[in-house]
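Numbering (the numbering used here), first residue to last: 102 to 165. Glycine included, each C-beta is placed from N, C-alpha and C at the ideal position. Below is one structure, written out as structure tokens; comments come after it.
In structure tokens, the structure reads:
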């Protein structure tokens, strides 16, 4: 859990450092079988992270 707590400031620092131009730029790889923006990829990654955090929370409650 401590490692997850360390992750929060790193994510905040990274996301806050992104400029609107960087977010609107095209992602350099094909993602989800289509060309997308960096903001779309970030959104998908954050949704995926949130899913796994939910799993961690669920398991934490089971083992408490």
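If you follow the alpha helix (DSSP H) that residue 164 is part of, which residue opens it and which one closes it?
Here residue 164 is taken as the residue at index 63 of the chain shown, counted from 1. Where residue 164 is concerned, the enclosing alpha helix (DSSP H) stretches over 139-164.
Closer than 7 angstroms by C-beta to residue 162: which residues in its own chain qualify, once you throw out the five before and the five after it? Chain order, please.
Numbered from its first residue, the chain shown carries residue 162 at position 61. Correct list: empty, nothing qualifies.
If you run the structure through DSSP and keep just helix, strand and coil, what is residue 111?
Against the chain shown, residue 111 aligns to sequence position 10. Reduced to three states, the DSSP call for residue 111 is helix.
With a threshold of 6 angstroms on Cβ separation, who are the neighbours of residue 126 within its own chain once the five nearest residues in sequence on each side are excluded?
Position 25 of the chain shown, counted from the start, is the residue given in the question as residue 126. Cβ neighbours of residue 126 beyond the five flanking positions: 139.
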